[in-house]
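Since the structure comes first, as structure tokens, the remarks are kept for the end.
Numbering (this note's numbering), first residue to last: 2 to 134.
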């Protein structure tokens, strides 16, 4: 009876391991899809293209730069300019400035933020999973 119990535990452990791997794969896919959709939306807003045309543009850029699609999406998002102050996403008057945890001072001009995002995009280009991050 002991060997039957051990076989059941081993079978259940395999099922749990497969389910965990599938959950991790789905989490990665969800994160990648969100980045892809944001990059497509940014291209659509900047160029007036359709979603399909923006997707094709990202694919073409990735192929030309010998990068993966997700790497190209991060680079595209990193090159966006920060919206000018006074827009709908502007901080309300009197709101405290966020505290920066980095060693470099927080960006002060809209162009500085775009540079920071571009640097972040370049740094994340080779990150393939949340564990590598």
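For every residue, glycine included, the Cβ atom is placed at its ideal position computed from N, Cα and C.
Looking only at its own chain, which residues have a Cβ that is under 7 angstroms from the Cβ of residue 104, when we skip the five neighbours before and after it? For residue 104, the predicted structure reports a pLDDT of 47, less than 50, and the residue's modelled location is therefore unreliable. The matter cannot be settled from this model.
Would you kindly work out how many angstroms separate the C-alpha atoms of residue 74 and residue 12, rounded to a whole number? If you draw a straight line from the Cα of residue 74 to the Cα of residue 12, it comes to about 40 angstroms.
Is residue 115 closer than 8 angstroms to residue 80 when the C-beta atoms are compared? The answer is yes: Cβ separation under 8 angstroms.
Buried or exposed (CB count within 10 angstroms, at least 16 for buried), residue 41: Taking all protein chains in view, the Cβ of residue 41 is crowded by 16 or more other Cβ atoms within 10 Å, so the residue is classified as buried.
Does the Cβ of residue 122 have 16 or more other Cβ atoms within 10 Å, making it buried, or fewer, making it exposed? Counting every other CB atom within 10 Å of its CB across the protein chains shown gives residue 122 a total of 16 or more, marking it as buried.
Determine, using beta-carbon pairs with one atom in the segment 57-77 and one in the segment 30-48, whether at least three such pairs fall under 8 angstroms. With a cut-off of 8 angstroms on Cβ pairs, the segment 57-77 is in contact with the segment 30-48, counting three or more such pairs.
Select from 120, 19 and 78 the residue whose C-alpha is nearest the C-alpha of residue 39. The candidate whose alpha carbon is nearest that of residue 39 is 78.
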